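So the sequence lines, in the order shown, correspond to chains A and B. The first sequence begins at 1 in the working numbering and counts up one residue at a time. The second sequence begins at 444 in the working numbering and counts up one residue at a time. Built from N, CA and C at the ideal position, the CB exists for glycine as well. This one's a predicted model, so the numbers in the text were calculated from it and none came from an experiment.
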Amino acid sequence: MNSTVIKHYVDQFQHLQKELISDQLQAHRQSAIELLQETGFPTMRQENWKYTDVRPITGKLFNTTTVDPEKISTETFDNLRLHELDCHELVFINGRYSAGHSILKALPEGVVIKDLASALKDHPQLIAEHLSGFSAAEHNGFSALNTAFIRDGALICLPPNAVIEKPINLLYLSGLNDQPFASHPRNLIILSENSQVTVIESYIGLNDSDYFTNTVTEVCMKQNAHLQHYKIQQESMQAYHIGSLKITQAKDSQVESHSISLGGALVRNDIHSLLEAEGAGIRMNGLYMATGKQHVDNHTRVDHMRPHTSSHEIYRGVLNDHARGVFNGKVVVHKDAQKTDAVQSNANLLLSDNAEVDTKPELEIYADDVKCAHGATVGQLDQDMLFYLRSRSIDENTAKSLLTFAFADEVIRRINLDPIRKRLEYQVIGRLPEADLIREFAA
Amino acid sequence: MLEIKNLHVTIDGKMILKGLDLKVNAGEVHAIMGPNGSGKSTLANVLAGRDGYVVTDGTITYQGKNLVEMAPEVRACEGIFLAFQYPVEIPGVNNIYMLKAAMNAIRAYRGEPPLDAVEFLNLIKEKVKLVNLKEELLNRSVNEGFSGGEKKRNEIFQMAVLEPKLAILDETDSGLDIDALKTVAEGVNSLRHHDRAIIIVTHYQRLLNYIVPDQVHVLSDGKIIKSGHRELALQLEEKGYEWVKQEAAAA
Ligand SMILES: Nc1ncnc2c1ncn2[C@@H]1O[C@H](COP(=O)(O)OP(=O)(O)OP(=O)(O)O)[C@@H](O)[C@H]1O
Ligand SMILES: [Mg+2]
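This is the structure in structure tokens:
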């Protein structure tokens with residue numbers, strides 16, 4: 001069915017192999033490309049991909065980028081850097097790491113923050129050990145494709161008790177290529193006992209170009225490790241983005257995940273957390289906004305494997321024009337996972353008659369003493385609220401924007417990293433009519 | 444200031460107002476009383492311009508303009524203010540921000556520059572005192588988690604800030620304690636002015652001890668069936684509505 005595209009990637013793979021043959025990950029790559037040839041890309045016949053047709057991606061033959069990241073002038077993206085936040089910043093352009101543009105500040109002893117290519121030279125064992133996070137069954141065509149092309153990305157590794165105060169921003173900028181291209185960033189975050197860090201993954205389109213970002217991040221959390229994770233997806237409106245975040249959590253480890261999805265023509269975000277030991281917990285906050293013909297699909301899955309684990313999830317969607325949203329939140333409470341605390345909610349705001357959303361919370365519970373709740377809603381702007389604001393002389397468009405922002409801000413205001421929250425509020429408002437009139441609102 | 448003639452209004456195809464006449468001059472306070480479901484809130488909402496209320500016959504003229512065709516926000520900019528019977532809660536929209544946006548929209552409509560932050564804050568401080576609103580409520584979301592009485596006070600507070608030309612108070616006195624009733628009355632009285640008018644919808648003549656109306660009307664089954672002075676309210680409280688209805692039916 002998608003044999004042309006698979007052959008295309010196999011050819012690319014063989015070409016790339018000549019460059020990368022000597023490194024430690026060749027076996028991983030090899031088995032991944034074989035897996036891709038076997039399984040192909042997902043289709044709508046698969047339950048997990050029921051509402052998302054990936055043929056716009058698999059029907060295209062994306063090349064590799066020809067842009068030299070070091071030759072891109074810093075002015076091109078200076079306003080996209082997180083200047084207002086004192087952070088480490090690893091910059092990738094079209095998926096290729098740029099040492100010249102990256103800013104790494106002093107780090108505590110034993111902490112590794114590196115681009116993956118250099119990390120492969122310095123810490124091959126560490127990487128090989130942790131990259132095996134996916135079993136063959138869990139792989140889909142896209143994650144296999146990502147593994148087959150592992151090359152660029154970031155390694156973040158904290159030794160026991162290390163606490164990194166400054167957040168780490170992985171800035172993935174794309175565009176500026178003369179042909180449609182694909183990139184396959186792979187990030188690996190290893191947090192040892194009692195370590196703490198904040199990681200931001202930003203995916204930003206530099207212009208209106210056509211490209212495909214296929215990204216995978218794996219996180220390994222040891223006992224009592226703490227991670228704040230942000231994924232900010234603002235790809236170009238022509239771009240395709242498939243991204244997954246896979247987390248394994250040991251005892252008492254805590255994750256706070258914020259996923260904000262604003263860009264992209266066709267987007268799929270997956271988060272999967274395995275709560276493997278008692279006391280492990282995850283909070284997942286998500287916002288997706290889509291307009292025009294954007295299609296945005298968020299799939300989350302939490303496996304509660306042991307007692308006293310918790311997951312709290314709030315996702316909200318705002319869909320305008322002909323946009324299509326998909327939310328699927330799966331919570332599996334395994335047999336041993338008594339005293340699980342799992343709360344999930346998904347609310348969607350449809351701003352036009354042509355916008356659509358498919359939302360499906362899925363609870364699978366095999367333990368009997370658990371506290372689980374979930375709810376999903378799809379609605380329009382509240383007419384009583386709208387009339388109230390208008391009766392106070394606020395015009396209809398402004399009133400609608402205000403109410404839409406208030407709805408979205410329920411997710412954004414949970415971000416406690418001020419500069420990020422402010423930036424996102426600014427951007428979310430910027431997408432609404434009469435933006436300038438309601439700017440002050442978020443101040 | 445306001446002249447309503449033969450007003451017929453339907454909601455979802457159901458006739459609610461059935462030929463209502465009312466004339467309110469600048470400087471006057473009118474009280475409207477009437478049984479539950481008689482159409483008082485419908486009248487208030489029609490004046491404010493709520494969608495779904497269809498004027499099938501009759502006219503509403505406000506300051507010489509045809510009100511029926513005007514968008515709610517334009518009416519508000521023209522000086523109409525409705526204090527709602529059931530003020531809605533708006534999570535995530537800050538009370539004070541909303542007021543500022545409202546204030547500046549009205550000023551822009553009149554061709555005036557927006558108030559600067561200091562002027563606005565001073566105005567707020569003054570009015571907060573006037574209506575005795577707890578200051579902590581200012582920075583909450585509009586009406587969110589407010590008690591019934593606090594919501595009503597907030598409506599009067601907004602009215603005091605926006606200084607409308609025609610204020611319509613829909614049962615603002617319901618559910619208020621005696622002290623709150625007095626403050627609301629003070630708020631309203633402070634607004635009394637020879638070029639403003641006030642319409643008060645109420646079930647209790649008690650409020651009229653504090654805000655003495657120029658006229659009292661009885662609205663029953665979609666029509667004003669009797670008008671009188673302050674004493675009419677006392678009579679209604681004593682004897683109920685039945686006698687007025689019979690009188691109207693006989694006429
Ligand atoms: N959205 C609606 N759809 C259908 N009927 C409605 C609607 N809103 C109001 N009505 C009806 O219109 C009539 C008048 O209602 P209205 O709220 O104006 O009464 P009211 O005089 O304010 O009563 P109260 O004293 O109880 O506040 C009632 O019979 C009510 O059920
Ligand atoms: Mg009423």
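9 Å Cβ cut-off: residues of chain A touching residue i
{"i": "B:Arg596", "result": "Ordered by position in chain A, no residue passes the 9 Å Cβ test against B:Arg596, which lies about 16 Å from the chain."}
{"i": "B:Val531", "result": "Asp382, Asp384, Met385, Phe387 and Tyr388"}
{"i": "B:Gln678", "result": "Going along chain A, no residue has its Cβ under 9 Å from B:Gln678, so there is no contact; the nearest lies around 33 Å."}
{"i": "B:Ile491", "result": "Correcting the residue identity first, residue 491 of chain B is Ala in this sequence and not Ile. Those are Phe387, Arg390 and Ser391, listed as they occur along chain A."}
{"i": "B:Gln601", "result": "Arg392"}
Interface residues of chain A facing residue i [CB-CB closer than 8 Å]
{"i": "B:Asp494", "result": "Gln383 and Phe387"}
{"i": "B:Ile459", "result": "Here the premise fails: no neighbours, minimum Cβ distance about 17 Å."}
{"i": "B:Leu650", "result": "Per Cβ cutoff of 8 Å: no residues; B:Leu650 is ~22 Å from chain A at best."}
{"i": "B:Leu525", "result": "Ser391"}
Chain B residues whose Cβ lies nearer than 7 Å to that of residue i
{"i": "A:Leu402", "result": "Val536"}
{"i": "A:Ala182", "result": "Near A:Ala182 there are no residues of chain B at all, since even the closest Cβ is about 39 Å away, more than 7 Å."}
For residue i: DSSP bridge partner residues
{"i": "A:Pro361", "result": "A:Gly329"}
{"i": "A:Phe405", "result": "Beta-bridge pairing links A:Phe405 to no other residue."}
{"i": "B:Lys461", "result": "B:His451"}
{"i": "B:Ile643", "result": "B:Ala474 and B:Leu612"}
{"i": "A:Asp297", "result": "A:Arg268 and A:Val326"}
{"i": "B:Thr502", "result": "B:Lys448"}
{"i": "A:Asn214", "result": "A:Ile242"}
{"i": "B:Lys466", "result": "B:Glu446"}
{"i": "A:Cys372", "result": "A:Ala342"}
Between the CA atoms of residue j and residue i - distance to the nearest angstrom
{"i": "A:Glu201", "j": "A:Gln234", "result": "11 Å"}
{"i": "A:Ser257", "j": "A:Lys231", "result": "8 Å"}
{"i": "B:Leu573", "j": "A:Gln249", "result": "57 Å"}
{"i": "A:Tyr315", "j": "B:Gly683", "result": "54 Å"}
{"i": "A:Lys339", "j": "A:His308", "result": "5 Å"}
{"i": "A:Val10", "j": "A:Lys114", "result": "28 Å"}
{"i": "A:Asp208", "j": "B:Ile611", "result": "52 Å"}
{"i": "B:Met444", "j": "A:Leu403", "result": "33 Å"}
{"i": "B:Pro596", "j": "B:Arg550", "result": "Position check: residue 596 of chain B holds Arg in this sequence, whereas Pro was assumed. Distance between the alpha carbons of B:Arg596 and B:Arg550: 24 Å."}
{"i": "B:Gly591", "j": "B:Ile539", "result": "19 Å"}
{"i": "A:Ala399", "j": "A:Leu386", "result": "6 Å"}
{"i": "B:Val661", "j": "B:His672", "result": "11 Å"}
{"i": "A:Arg186", "j": "B:Asp559", "result": "50 Å"}
{"i": "A:Leu171", "j": "A:Ala32", "result": "26 Å"}
{"i": "A:Tyr203", "j": "B:Ile447", "result": "59 Å"}
{"i": "B:Leu387", "j": "B:Arg639", "result": "One cannot answer for residue 387 of chain B here, as it falls past the ends of chain B, which runs 444 to 694."}
{"i": "A:Asn161", "j": "A:Ile394", "result": "53 Å"}
Contact under 7 Å by Cβ, residue i with residue j
{"i": "A:Ala337", "j": "A:Arg301", "result": "no"}
{"i": "A:Asp252", "j": "A:Gly279", "result": "yes"}
{"i": "B:Glu587", "j": "B:Gln528", "result": "no"}
{"i": "A:Ser391", "j": "B:Pro478", "result": "no"}
{"i": "A:Arg324", "j": "A:His299", "result": "no"}
{"i": "A:Pro56", "j": "A:Leu266", "result": "yes"}
{"i": "A:Thr147", "j": "A:His28", "result": "yes"}
{"i": "A:His130", "j": "A:Leu188", "result": "yes"}
{"i": "A:Val163", "j": "A:Gln125", "result": "no"}
{"i": "A:Ser311", "j": "A:Asp270", "result": "no"}
{"i": "B:Pro607", "j": "B:Phe524", "result": "yes"}
{"i": "B:Asp616", "j": "B:Leu650", "result": "yes"}
{"i": "A:Asp303", "j": "A:Leu274", "result": "yes"}
Proximal chain B residues relative to residue i, where beta-carbon distance stays under 9 Å
{"i": "A:Ile394", "result": "Glu516, Ala519, Met541, Ala544, Ala545 and Ala548"}
{"i": "A:Arg55", "result": "Within 9 Å Cβ-Cβ: nothing; A:Arg55 doesn't reach chain B, min ~38 Å."}
{"i": "A:Ala323", "result": "Those within 9 Å of A:Ala323 in chain B number zero; the least Cβ separation is about 22 Å."}
Proximity test, residue i beta-carbon vs ligand 1 heavy atom, cut-off 6 Å
{"i": "B:Ser483", "result": "The sequence given here has Lys at residue 483 of chain B, not Ser. Yes, since a heavy atom of ligand 1 falls inside the 6 Å radius drawn around the Cβ of B:Lys483."}
{"i": "A:Asn79", "result": "no"}
{"i": "B:Ile454", "result": "yes"}
{"i": "B:Ile459", "result": "yes"}
{"i": "B:Gly480", "result": "yes"}
Cβ-heavy atom distance, residue i to ligand 2, below 6 Å
{"i": "B:Gln528", "result": "yes"}
7 Å Cβ cut-off: residues of chain A touching residue i
{"i": "B:Ala487", "result": "By Cβ distance, chain A contributes nothing, its closest Cβ being about 10 Å from B:Ala487, past 7 Å."}
Residue i beta carbon near ligand 3 (any heavy atom closer than 6 Å)
{"i": "B:Ile447", "result": "No copy of ligand 3 appears in this structure; the ligands present are ligand 1 and ligand 2."}
Chain-ordered neighbours of residue i on chain B, where CB pairs are closer than 8 Å
{"i": "A:Asp409", "result": "Gly535"}
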